[in-house]
Amino acid sequence: MLTARRDSAAALRFFCKAIRHHGEPEVVTIDKSGANTAALATLNAGKPDEETITIRQSKYLNNLVEQDDRNIKRRIRPMLGFKSFRRAQAILAGIELLHMIRKGQYQHPAGDGMSPAEQFYLLVA
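Each residue of the sequence shown is one higher than the last, beginning at 1 in full-length UniProt numbering.
Structure, rendered in structure tokens:
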């Protein structure tokens, strides 16, 4: 989901939800975002040194995430930008939904055993 700016409260909610679902990691790789760093510092605040989450700040170590965005960048680069933030949200949400359908990460509630094309046509109808 696209938001106007990154904030540490949203990053903290994201990390808490990820930890609740997948357990606490030993190492987290993030980009140079100040919001993510602040959220992880908040999570590490009351813990002893041996239990803290190690932070690696590197743009390219999260290569799967960067590669997943490549298709979006390929679609957006020829455009001359968006006239409004709302249009950017709508277009990017549509592109993300198509990628999720293609990768099998989205299943329409009425679409058990349907092909990606059939799921797309079901959404359009």
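Cβ atoms here follow ideal geometry from the backbone N, Cα and C, with glycine treated the same way.
Computed from a predicted model, the values in this text were never measured in an experiment.
Pull up the CB-CB distance for residue i and residue j, whole angstroms please, since I reckon it's below 8 Å.
| i | j | result |
| --- | --- | --- |
| Ala35 | Ala11 | 4 Å |
Considering only residues of the same chain and omitting the five flanking positions on each side of residue i, which have a CB-CB separation below 7 Å?
| i | result |
| --- | --- |
| Ser58 | Thr29 |
| Ile95 | Ile72, Arg75 |
| Pro48 | none |
Opposite residue i in the DSSP bridges: which residues?
| i | result |
| --- | --- |
| Ile55 | Val28 |
Report all residues from its chain with a CB closer than 8 Å to the CB of residue i; omit the five preceding and five following residues, and keep chain order.
| i | result |
| --- | --- |
| Glu26 | Ile53, Thr54 |
| Phe82 | Ala88, Ile91 |
| Leu80 | none |
Look at residue i and residue j and say whether their C-beta atoms are less than 8 Å apart.
| i | j | result |
| --- | --- | --- |
| Arg6 | Ser33 | yes |
| Ser84 | Ala38 | no |
| Leu40 | Phe14 | no |
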